[in-house]
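Residue numbers (the numbering used here), protein chains in the order written: chain A, 1 to 262; chain B, 1 to 300; chain C, 1 to 409. Scroll down for the structure; my scribbles are underneath it.
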Amino acid sequence: MEPILEVKELTKDFGGLRALDRIDLKVHRGQIVALIGPNGAGKTTFFNCITGIYQPTKGEMLISPGGKEKKSLNGLKPNHVTKSGLARTFQNIRLFQNMTVLENVMIGRHCRMHAGIPGAVFRNPATMREEKQVVEDSYRLLEKIGLEQYVNEYAKNLPYGAQRRLEIARAMATEPFMLLLDEPAAGMNVKETKELDDLIVQICHQEKISILLIEHDMKLVMSLSDLIYVVDYGKKIAEGTPEEIKNNPDVIKAYLGEEVDA
Amino acid sequence: MEYFIELFLGGLTRGSIYALIALGYTMVYGIIQLINFAHGEIYMIGAFTALIVAGILSMLGWNPVAILIIASVIAVVYSASYGWTIEKLAYKPLRQAPRLSALISAIGMSMFLQYYVLLAQTSNFLPFPSLIPDFKFMEPIEHIVRSSEIVIYITTAIVMVFLTFLIKFTRIGKAMRATAQDRDMAMLVGIDVNKVISFTFIIGSATAAIGGVLVASHTGQINYYIGFIAGIKAFVAAVLGGIGSMPGAVLGSLVLGMSESFFTGYISSDYEDVFAFLFLVFTLIFRPSGILGRSDTDKV
Amino acid sequence: MFSFSEIKKSLLISLWFMFLTFPIMVIRVNTIYKTIEWRWDRMIMVGVGSFFLSFLWRFFIGKKETGKKKTDTGEVQQLTWIQRLTENKKIYLPSLVAISVFVVLFPFVFSMYQTNIMTTALIYVVVGLGLNIVVGLAGLLDLGYVAFYAVGAYTYALLNQHFGLGFWTVLPLGAAMGFMFGVILGFPVLRLRGDYLAIVTLGFGEIIRLILENWNAFSSGPSGIANIPRPGLFGLHLSLHQNIIYMYFIMIGLAIFTIFIVGRLQDSRLGRAWIALREDEVACQAMGIDKTRTKLSAFALGATWAGMGGVMFAAKTTFINPASFTIWESIIILCVVVIGGMGSVLGVICGAMVLILLPEYLRAFSEYRMLLFGAILVIMMVFRPEGIISNVRKTYKFEGLKDNNKDNS
C-alpha cells in the first residue's frame with residue numbers, strides 16, 4: 001500500500017546553513033510515527049517545510065490520503081496544506097488566546113465551511129444551518145478530547161495541559177487524515193503526559209487519523225510509536241521500530257550516548 | 001553634463017540630510033522595533049530651537065559662525081531632551097503592549113508635537129538666517145554646489161563615522177547591540193535596558209537636530225510641517241537600506257536622495273513626493289528587508 | 001500619595017517641562033522686524049500644569065499596574081458596566097426606544113446648524129465603523145484610509161460633473177469604487193507585517209491625494225470641485241433647511257444600515273477569521289484560513305464604507321478639494337476607532353460623537369483640536385488601549401444543544 005505521506009530527499013538551507021539534509025520519511029495509514037533528535041536537529045524545520053511555512057530548497061513531499069492518487073505539497077501555502085488534510089500543532093502553544101475554547105475549534109472548522117460575504121450579510125438558510133452545525137460539531141469534538149467543561153472559557157484561562165489538548169482539538173477540527181504534533185507533551189507533568197498518551201492512541205485508532213510527532217519524552221515516544229526516525233544535524237541517522245532504535249549504536253552515540261554511559 | 005552634476009550634488013545634499021534623520025530612525029527601530037513617528041518632529045523642533053537662538057543672537061550682532069555653533073549646540077540639547085522625554089512618556093509604558101499600540105502612540109505624539117509648535121509659534125513659514133558662511137575657495141564652483149552643501153556633506157560624514165565608532169567600539173555601543181539582539185537576554189546579563197533605550201533616543205534625536213539646523217540654514221525657511229515629510233522620507237531611506245543597519249540607513253538615504261533629485265530634474269517636479277511614496281511602496285513590497293538588511297522569517 | 005518625595009518628584013518634573021518648553025513656548029522671534037516676544041506667563045502655566053498632571057499620570061500608571069496584576073493572577077473578571085447594560089433587557093430596550101425617539105426628533109428640536117454637525121458626526125460613525133473592520137477586527141493598521149474616502153467623494157463629484165449622475169445613483173457606485181480600490185491597493189501590500197503595512201497604506205493615501213492635487217485635467221487640482229448637488233428626493237425641490245434635515249435622515253439610515261451589516265459580518269465565519277487573524281497569523285494559516293484573502297476582504301469592505309461616506313461628504317459640503325483628504329483626516333478617523341474602543345461597534349459610535357461633537361460645541365476648544373487628538377491617542381494607548389467602551393464581543397456560547405443530540409453520539 002502507498003504511504004499517505006512520503007518525503008523524498010527533503011533539503012532546507014538557511015543562507016549557508018543546511019538545516020535539513022536529504023531527509024526521507026514515510027508514514028503509512030494508521031501509523032504513529034515519531035521524529036526525534038537533539039535540540040536544533042531540524043525537527044521543527046521539517047514540520048515547517050511540510051506544512052508550507054518554509055519552502056524547501058530541494059526534495060519532494062507527496063501525500064496520498066486515499067492511498068491511490070499522489071499529490072505534491074511542494075509550493076503549497078500553509079492554508080492549502082491544511083485543506084489537503086494535514087493539520088499541525090505548535091511547539092510554543094499558538095492558540096487564539098482571546099477567543100473561547102469553542103471559538104478556537106470553530107476556527108479550525110473554517111476551511112471546511114463555505115459561507116462568504118453574502119452569506120454573512122443575508123444569513124440565508126444554508127449559512128444559518130452551517131453556523132448551527134459548526135457549533136454542534138465543535139462541541140462534539142471537544143467532548144471527544146475531554147475539554148467540554150471549558151467550552152465557554154477563554155483559551156488563555158485554561159490550564160497548561162488543557163491548552164495543549166485544545167491545540168490538538170483545533171487541529172482535528174480541520175478534518176485531517178494526518179496530524180503533525182510538535183512536542184505535544186512539552187511541559188506536561190506525568191499525569192498529563194499519560195492522558196496525552198491515551199488521547200493520541202484514541203485519535204489514531206478511533207478517529208483513524210495517522211500521526212507524525214516530534215517529542216523529547218522518550219517514554220512517550222517508545223510506548224506510542226510504530227516507527228521512529230532519528231535526525232541529528234539535519235541528517236537522518238536512523239529509522240526503525242522502538243526496539244531497533246533503542247539498540248542502534250548510531251543513535252546511542254549521537255543522542256542517547258551520555259544517558260547510556262551514566 | 002553640468003546639469004547632471006548639479007542634480008547629482010543636489011541629490012547628495014538631500015541624501016545627506018535624509019541620512020541624518022534616518023540614522024535616528026534606524027537606531028530606534030533596531031532597538032525597540034518601533035517606527036518612531038515623532039522622529040521627524042524632533043528634527044523640526046531642533047530647527048525651531050536653532051531659529052529662536054539664532055534670531056536672538058543675530059539681533060545682538062554676533063558673528064554668524066559663533067551663532068551657528070551655539071544654535072546647533074542648543075538645538076542638539078533640546079532635541080535630545082525632547083527625544084528622551086517622549087520615550088519616557090509615550091513609549092516606555094508600552095514596552096509590553098502590542099506593536100500597533102506603540103505605533104499609534106507614536107503617531108499621536110507626532111501629531112501633538114506638530115500642533116504644539118504650530119500653536120506656540122506660527123503656522124507660517126519662518127525665514128531662517130543663512131548661518132553657514134560662503135567659503136572663498138568655493139567661488140569658482142558656487143553655481144554648482146553651495147558652501148552650505150559642502151558643510152552638509154562633511155557633517156554627515158563626521159556624524160556617521162562618530163556613530164559607527166560609538167556602536168562598534170564603546171561599552172554603551174556594545175550594550176546597544178546586545179539590546180537590539182535580544183532585550184530579555186541583555187537584561188539577564190546585567191545591561192540596564194532602560195538606560196540603553198534612553199541613550200539611543202538621545203543620540204538619535206541629537207543627530208536629527210543637527211540635520212534640522214543644517215537643512216534650515218540651507219533652505220532658509222522652516223515651518224511646523226517640515227518634520228513630517230522629511231521623517232517619512234527618512235523612514236523610506238532607512239527601510240531601503242535595511243532597517244536597523246546604520247550603513248544601510250546612509251546608503252538608503254543617498255539612493256533615495258539621488259533618485260529624487262534625478263526624478264525631479266529630468267521627469268517632473270510636480271510629482272516629487274509621489275515619487276518618494278512610490279519608492280516607499282515598492283521598497284516595502286519587493287524588498288522589505290532592504291539593501292543591506294537580512295530577511296527575517298517569523299519564528300514558529 | 002502627597003508625601004514629600006512625591007512632591008519633590010513632581011516639582012522636578014515641572015522644572016523639566018519648564019526647561020523643555022522654554023524656547024518654543026516662551027520666546028517668539030520675528031527675524032524680519034527684529035523683535036523678540038517673551039511670554040513668561042506661559043512658562044508658569046506649563047510649570048503648574050505639569051506639576052499637577054504628573055501626580056495624575058503617576059496615579060493612573062500605578063492603578064493600571066495593579067489592575068494588570070489582578071487580571072494576571074486570574075482574579076474575577078468583571079463585566080464592564082456596558083456589558084451589564086446591554087445584557088439587561090429592562091434597561092436595554094427602554095434606552096433603545098429613548099435613543100430612537102431622540103434621533104427622530106433631533107432635527108425638529110435643534111437648529112439647522114446642530115443638525116448639520118450631527119450629520120457630520122454620523123458620517124464619521126459610518127467611516128469609523130468601516131475602519132473598525134480593518135483596524136479593530138482584522139488588526140490591520142490602515143493609515144491611508146482617507147484615500148478611499150477621497151475616492152468616494154471624487155467619484156460623486158466627477159460623475160456628476162461629467163455625466164450628471166445623481167446622489168442615489170452614485171452612492172452604490174462610490175461604495176463599489178471604494179471596494180475596488182481597496183482590492184487594488186490592498187492586494188500588493190497585505191502580506192507585509194503590521195507596522196510596514198501602516199506605512200505603506202500611509203504612502204498610498206498620500207499618493208492618491210498628491211495625484212488629485214497635481215492632475216489638474218482630471219480633478220481640477222488644488223482648487224477642487226464646487227457646486228456638487230445635494231441629494232435629491234424624487235426630483236422635488238427642497239429648500240436648504242429641508243435638505244439638511246433630509247441629509248440627516250439619509251445619514252441616520254446609512255448609519256443603521258452600516259451597524260446592521262458590520263454587526264452581521266462580525267458574527268460570521270468571516271468575522272471569526274478576522275479576529276483569529278488579529279490574534280495569531282501563523283496559527284490562522286495553519287488552520288486553513290487563507291491569510292491574503294481574509295485580510296483583503298477586511299481591507300476592501302472597510303474601503304467600501306469609506307467610499308460611501310465620501311459620496312455623502314461631497315454631497316453635504318457641495319465642495320471638495322484634496323486638502324480635505326490629508327493624512328490627518330485618516331488619523332482622526334483612527335482616533336474615532338481607538339477612543340471608542342477597537343472592535344466595538346458601540347464604542348465607535350461613541351468615539352465619533354465625542355470627537356466630532358465636542359470640538360464643535362466647545363468653540364474655545366476647537367483651536368486645540370488636533371493637539372488634543374494627538375494627546376488623546378497617546379493617553380489612550382498608555383492607559384486604556386481597549387478604548388472607552390472595551391470590546392464586548394459576543395462570544396459564541398454553547399447552550400444546551402447537547403441534550404438533543406445525546407442519542408446520536
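Yeah, the Cβ is synthetic: ideal placement off N, Cα and C, and Gly gets one too. In this text, all values refer to a predicted model and were calculated from it rather than measured experimentally.
**Asked** In chain order, what residues of the same chain have a beta carbon less than 6 Å from the beta carbon of E9/A, not counting five sequence neighbours either side?
**Response** R22 and G59
**Prompt:** Can you list the residues of chain C that R99/B reaches, using a CB-CB cut of under 7 Å?
**Reply:** G194 and D195
**Prompt:** What residue from I36/C, T31/C and L56/C has the CA that sits closest to I13/C's CA?
**Reply:** L56/C
**Prompt:** Can you list, in chain order, the residues of its chain whose CB lies under 8 Å from that of D403/C, leaving out five sequence neighbours each side?
**Reply:** Residue placement at D403/C is poorly supported in this model, since its pLDDT is 43, which falls under 50; the coordinates still yield a value, given next. Same-chain partners within the cutoff: there are none.
**Prompt:** Is it true that the CB of L129/C sits closer than 8 Å to the CB of W274/C?
**Reply:** no
**Asked** CB-CB under 7 Å to T89/A, same chain, minus the five flanking residues each way: which ones, in chain order?
**Response** E167, I168, A171, L181, D182 and P184
**Prompt:** Cβ of I389/C less than 8 Å from any chain A Cβ?
**Reply:** no
**Message:** For a test of the three-state rule: what should DSSP assign to W168/C, helix, strand or coil?
**Reply:** helix
**Asked** Straight-line CA distance for P172/C to A226/C?
**Response** 22 Å
**Message:** Please return the same chain residues whose Cβ sits closer than 7 Å to the Cβ of F218/C, not counting the five positions on each side in sequence.
**Reply:** none
**Asked** Whose Cβ in chain E lies nearer than 8 Å to the Cβ of T49/B?
**Response** Of the protein chains in this structure, namely A, B and C, none is chain E.
**Message:** Please identify the residue among G227/B, A237/B and I285/B whose C-alpha is closest to the C-alpha of M109/B.
**Reply:** G227/B
**Asked** Can you tell me where the alpha helix (DSSP H) with E6/A in it begins and where it stops?
**Response** Note, E6/A: premise wrong, no alpha helix (DSSP H); beta strand (DSSP E) at L5 to F14.
**Message:** Residues in the same chain with beta-carbon distance under 8 Å from P229/C, minus the five sequence neighbours each way, listed in chain order, please.
**Reply:** N160, G166, F167, A315 and T318
**Request:** Alpha carbon to alpha carbon, how far is A150/C from M43/C? Give it in angstroms, no decimals.
**Result:** 42 Å
**Asked** Should the region 34–41 of chain B be regarded as contacting the region 17–26 of chain B, the criterion being three or more beta carbon pairs within less than 8 Å?
**Response** yes
**Item:** Endpoints, the alpha helix (DSSP H) within which W84/B is located
**Value:** P64 to I86
**Request:** Between the Cα of N39/A and those of S223/A, K144/A, A186/A and H205/A, spot the shortest distance and give me the residue it belongs to.
**Result:** A186/A
**Asked** Which residues, taken in chain order from the region 263–292 of chain B, show a beta carbon closer than 8 Å to some beta carbon of chain C?
**Response** D270, Y271, D273, V274, F277, L278, L280, V281, L284, I285 and P288
**Message:** At a CB distance below 7 Å, what residues from the region 204–216 of chain C approach chain B? Give them in sequence order.
**Reply:** F204, E206, I207, L210, I211 and N214
**Message:** Could you compute how far the alpha carbon of G203/C sits from the alpha carbon of F277/B?
**Reply:** 5 Å
**Asked** Expressed to the nearest angstrom, what Euclidean distance is found between the alpha-carbon atoms of I32/B and G307/C?
**Response** 36 Å
**Request:** Using a Cβ cut-off of 8 Å (strictly closer), state whether Q121/B contacts chain C.
**Result:** yes
**Message:** What does DSSP give as the partner residue(s) for E60/A in the beta ladder?
**Reply:** K8/A
**Request:** With DSSP as the reference, please indicate the residues paired to K90/C in a beta bridge.
**Result:** Beta-bridge pairing links K90/C to no other residue.
**Message:** Distance check for M247/C and P231/C, CA to CA, integer angstroms please.
**Reply:** 7 Å
**Message:** Rounded to the nearest angstrom, what separates R18/A and T11/A at their Cα positions?
**Reply:** 8 Å
**Asked** List, in order along the chain, the chain C residues whose C-beta lies closer than 8 Å to that of I268/A?
**Response** Because residue 268/A is not part of the residues shown, which for chain A are 1 to 262, the question remains open.
**Prompt:** In chain C, which residues lie with their C-beta within 9 Å of the C-beta of I116/B?
**Reply:** Here residue 116/B is Tyr; the residue named in the question, Ile, does not match the sequence. Neighbours of Y116/B on chain C, chain order: T21, I24, M25, L371 and G374.
**Request:** Indicate whether at least one CB of chain B lies closer than 8 Å to the CB of V331/C.
**Result:** Note on residue identity: the sequence assigns Ile, not Val, to residue 331/C. Chain B, which has a Cβ nearer than 8 Å to the Cβ of I331/C, makes this yes.
**Request:** Say whether the region 259–275 of chain C touches the region 88–107 of chain C, bearing in mind that this needs 3 or more beta-carbon pairs closer than 8 Å, one atom from each stretch.
**Result:** no
**Prompt:** Are there 16 or more other CB atoms within 10 angstroms of the CB of L424/C, so buried, or fewer, so exposed?
**Reply:** In the structure as shown, chain C starts at 1 and stops at 409, and residue 424/C therefore has no counterpart that could be examined.
**Residue-level contact to chain C via CB, I53/A, 8 Å cutoff** = yes
**Asked** Does G108/B come within less than 8 Å of chain C when only Cβ atoms are used?
**Response** yes
**Message:** I need the boundaries of the beta strand (DSSP E) containing A273/C, first residue and last residue.
**Reply:** No beta strand (DSSP E) contains A273/C, which is instead part of the alpha helix (DSSP H) from R269 to E279.
**Asked** So with Cβ pairs under 8 Å, would you call D142/C a contact of chain A?
**Response** no
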